[in-house]
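Presented below is the structure to which this report refers.
2 protein chains.
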Amino acid sequence: MPFDVVDQIENIFHPRSVAVIGVSDKSHRLGNILLHSIMDMGFKGDLYPVNPREEQVMGLRCYPSLGAIDGPVDSVIISVHPKGVPDLIEDCVAKGVKAAIIFSSGFREKGGEGMRAEAEIVHKARAGGVRIIGPNCMGLYSPSSGLSFFPGMPKEKGTVAFLSQSGSLTNLLGLFAGSRGIRFSKMISVGNAADLDVNDFLEYLGYDSETRLIVLYLEGVEDGRRFISLAKDISLKKPILLWKGGETEGGRKAAGSHTGSLSGSGEIWEAAIRQAGMVKVENLNELIGFITAFQNPYLPMGNRVAIMSGPGGPAVSAADACEKEGLRLARLSEETEKMLAEFVPEFGASISNPVDLSIASSFDQTMYPRATEVCGLDENVDLIVEYISALREGMIEGIIKAQERVRKPIAIVSSMEYATFESPFSQFFGSITREKLVALLMRMYDSGISIHATEQEAARALSSLLKYKKYLVSRHPL
Amino acid sequence: MPFDVVDQIENIFHPRSVAVIGVSDKSHRLGNILLHSIMDMGFKGDLYPVNPREEQVMGLRCYPSLGAIDGPVDSVIISVHPKGVPDLIEDCVAKGVKAAIIFSSGFREKGGEGMRAEAEIVHKARAGGVRIIGPNCMGLYSPSSGLSFFPGMPKEKGTVAFLSQSGSLTNLLGLFAGSRGIRFSKMISVGNAADLDVNDFLEYLGYDSETRLIVLYLEGVEDGRRFISLAKDISLKKPILLWKGGETEGGRKAAGSHTGSLSGSGEIWEAAIRQAGMVKVENLNELIGFITAFQNPYLPMGNRVAIMSGPGGPAVSAADACEKEGLRLARLSEETEKMLAEFVPEFGASISNPVDLSIASSFDQTMYPRATEVCGLDENVDLIVEYISALREGMIEGIIKAQERVRKPIAIVSSMEYATFESPFSQFFGSITREKLVALLMRMYDSGISIHATEQEAARALSSLLKYKKYLVSRHPL
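Just so you know, the protein sequences line up as chains A and B, in that order. Mapping the first sequence onto our numbering, position 125 (from 1) lands on 170, and the numbers just tick up by one. Mapping the second sequence onto our numbering, position 66 (from 1) lands on 111, and the numbers just tick up by one.
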């Protein structure tokens, strides 16, 4: 019964008590990092470190075994040698634990003996009413319930969920996207997904009211039919971004030793992605940009893009990038061009699309905002790309303000590295502190303005918004 | 006579005296920035600001006209209203000036009257023995001769030359690549290239002993046949990276209003690039990565790539990226795998290619260097890709040391933004000061280790090295 799984997972995300097995007060074991992370996130329930050789771990009373804990234990986090896991699952069953989150590796992804060991723990857990997350995973992150798997993950909750077959990607995305002002509702590292699998969590995220955008890193799924059927329906409510590893023979072999996944051919996946209205990304940088584009988007009415740029070469390159992605350069109205001519320099610039604001736009922070408003309100324009050498505070504030009237997707191409970089150029281009930048970025995402590292990524993001819009229309015909 | 042009350009890069027209002591005109830049670079010759309404500009005596300057004037920098340019060219002729570098815009790129004005100044200049750079350009940067067009450009000289039809790209590349430890021999912004054109400067750079790698941003060239013929021969001596703007109809239209270039179709350019052994890039980020790959490369012996990664997902994604670019995952020898097993964790990791070093590699800085050496010395490996979440000092030092024995192309995928970023993660991943990082990066490039933002860019760079190697072999058959 699907609803049972959804309810079970909801409960797993809200444990009243968590035991952590594989901790030590003397060494830096993974268990310590996990325990520290949960304490750091301010988990409100009971926390029980378990280790027969310790009295106390990180200031908490340590228990010799699960059975020795007085109260009930909802979740158990296991990061011990794989040989120790089957017995621990028996302990979980005996204790009436609801979920075992198994970080330990050395199971299906190793083949042979590991495969048999994985089947054994699943059998024991299912027979005893314990759900398993993992093994070979990083478990769960959920700021609203105080769960985490790595110290320093953002404490504020957001609306983006990340469901991943790569555990370390959850850390990386948490850190990298976090430093760009992206906040998450939940992260789930499923690892080998021996029991609760990608489909179970995807279904859950479809219902999760905290989540408005779902991001997947997948190498393969067991039940492809169910996956596509779930994705098709969930896409109607929230966009799904998919980074698919194992598209080539080499990648599939790598995926096999990584999470033991059966990947299926690239063509099958391409078809599934199209059919289910999912949005494809191909690396971490692009993913972060796409999250900013899909977090709170205005869905475009058409494919006509206005481009504005300070540097002239990138304006040309952005035009190329947009056309290659099936967008068309908007033909600005005469009135728009007239209004642009009021503040765009007569020489070394261009008021026709792509609008070349010239180097003057690096000194005058009002130029991008004015061009955003003028072009954005032109009824021939559906989408906007802005190439900005270095973001500055007044400029960003102005573009956010313009967007209040424009209300169309705006994709900015800019290097975050240089926005905050102090250099001899700063006297001309200015620079922003990282704290200030993050606050500004969050406001940008909220108002439907995204940030990308290259013009190609911006063009792909806008073109993906358009495809997603078309998917919605095709499923909800007028 | 081609050699005349090469000698003329060499002289233009070494002026004994420079006059700057379009400066003012009271306002921030472009001319002031240009004058300031040259002073800042430590130009050793004579500098003459020219403005009839000023006695003194930036502490230098200001002259009412070119004619009023006592000594000879080799180069004149012109940044005035376009209407004033023709008369100034006459002054240049009268003064016996060798080169006029015209920053002013409002010529061919504006069509009509601007086109006629451009023809007029070229006619006057040629008749009077003055060579023109521009108009609508940023001119020349050359640290060894103290020339620059923007303050804050690196003062140290390097071996990379940049020849560009976009002026602002020269600034951007100088700043962005500069902050990554890339140093330039020369930068040339040709603008409309009314007189001295892309081909002239390309030929010059082919001879220039300071330059070992040539980077082009082009929207179109006048004499395509000469361009290809030059590129074919120069490619044999130094690699040529080409960022080509105006590949699509929209891009070509944009290029027309940017520098008035006739672009030619994308297919013609693709053929030219292949035929001449040039290396194509498509945006600024990729360009910067490719410069690091081509600056001092070991040319690969084949297409067999070893991948190593801490995070498992990106290892799979890197394998996909490499195979899509025509590289093959190397099959590591049994001995290599045995040596890897000595330090790679038994669980949650992989000793077969792609080598998954696991999260342990974030804590133990010796793992990447050891894997680099072990895999690099395997005779089944031609190329190496390393996905590194956050670069750290000991890790980089170790990889550079390993490369002393390996001597094969190593492409690292890593975010510079996070190497220097202080976060709660820093306690685990560490961080480097920007100054230290730049020094390390320079040593990496010197030893044939490149840095890229994504696994796709790394794969394209390695695959481009291989294509370049094949071009060299095809032109120098055994």
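For glycine and all other residues, C-beta sits at the position ideal for the given N, C-alpha and C. Since this is a predicted model, take the numbers as computed values, not measurements.
Only those residues of the region 429-462 of chain B whose C-beta falls short of 9 Å from the nearest C-beta of chain A are listed: 434, 435, 458, 460, 461, 462. Under the criterion of beta carbons closer than 8 Å, residue 500(B) and residue 432(B) qualify as touching, at roughly 6 Å. Taking residue 109(B) as reference, the option from 94(B), 256(B), 121(B) with the minimal CA-CA separation is 94(B).
With a minimum length of 4 residues, the unbroken runs of alpha helix (DSSP H) contained wholly in the region 71-114 of chain A fall at 75-85.
Taking all protein chains shown into account, residue 518(B) has fewer than 16 neighbouring C-beta atoms within 10 Å of its C-beta and is therefore exposed. The criterion of a C-beta distance shorter than 9 Å is satisfied by residue 272(B) and residue 317(B). Below the 8 Å Cβ cutoff, chain A contributes 211, 264, 290, 291, 296, 299, 300, 303 as neighbours of residue 361(B), in chain order. Taking 9 Å as the cut-off, the beta carbon of residue 139(B) is found no closer than this to the beta carbon of residue 157(B).
Linking residue 294(A) to residue 374(B) through their CA atoms gives a straight-line distance of about 9 Å. Chain-ordered, the chain B residues with CB closer than 7 Å to the CB of residue 369(A) read 293. Closer than 8 Å at the C-beta level to chain A, one finds these residues of the region 496-514 of chain B: 498, 499, 500, 501.
Per DSSP, residue 518(B) is not a residue of any beta strand (DSSP E); the alpha helix (DSSP H) it occupies stretches across 500-520. Taking the Cα positions, residue 234(B) is about 12 Å away from residue 218(B). A contact between stretches requires three or more CB pairs, one per stretch, nearer than 8 Å, and the region 222-229 of chain A meets this requirement with the region 324-342 of chain A. Selection 447(B), 507(B), 129(B), 249(B) evaluated against residue 96(B) yields 129(B) as nearest (Cα-Cα). Residue 117(A) counts as exposed, since fewer than 16 other C-beta atoms from the protein chains shown sit within 10 angstroms of its C-beta. Restricted to the region 335-385 of chain A, the alpha helix (DSSP H) segments that are unbroken, complete and at least 4 residues in length are 357-369, listed in chain order. Rounded to the nearest angstrom, the gap between the Cα atoms of residue 212(B) and residue 61(B) is 24 Å. Rounded to whole angstroms, the gap between the alpha carbons of residue 411(B) and residue 401(B) is 14 Å.
Counted as a single uninterrupted DSSP element, the stretch harbouring residue 138(A) is not any beta strand (DSSP E) but the alpha helix (DSSP H) occupying residues 130-140. In summary, residue 55(A) is exposed, with fewer than 16 beta-carbon neighbours lying within 10 Å of its beta-carbon over all protein chains present. Of all residues in the region 114-138 of chain B, only 126, 127 place a beta-carbon less than 9 Å from a beta-carbon of chain A.
Within the model, the alpha-carbon separation for residue 231(B) versus residue 256(B) is close to 8 Å. Sequence-ordered contacts of the region 307-327 of chain A with chain B read 327 [C-beta pairs closer than 7 Å]. In the displayed model, residue 494(B) falls within a strand according to three-state DSSP.
The beta carbon of residue 344(B) lies closer than 6 Å to those of 514 in the same chain, with the five residues before and after it left out. Collapsing the DSSP output to three states places residue 271(A) in a helix. For residue 242(A), the three-state secondary structure derived from DSSP is coil. DSSP places residue 176(B) within a strand segment (E or B) once states are collapsed to three. For residue 121(A), the enclosing beta strand (DSSP E) covers residues 120-123. For residue 315(A), the enclosing alpha helix (DSSP H) stretches over residues 311-320. C-alpha of residue 419(A) to C-alpha of residue 385(A): approximately 7 Å in a straight line. Chain-order list of chain A residues neighbouring residue 356(B): 211, 213, 214, 217, by C-beta distance under 7 Å.
For residue 202(B), no alpha helix (DSSP H) run applies, since DSSP gives it neither H nor E.
Annotation for residue 166(B): 130, 131, 134 place their beta carbon closer than 6 Å to its own, counting only its chain and skipping 5 residues before and after.
360(B) is the residue among 426(B), 360(B), 417(B) whose C-alpha sits nearest the C-alpha of residue 395(B).
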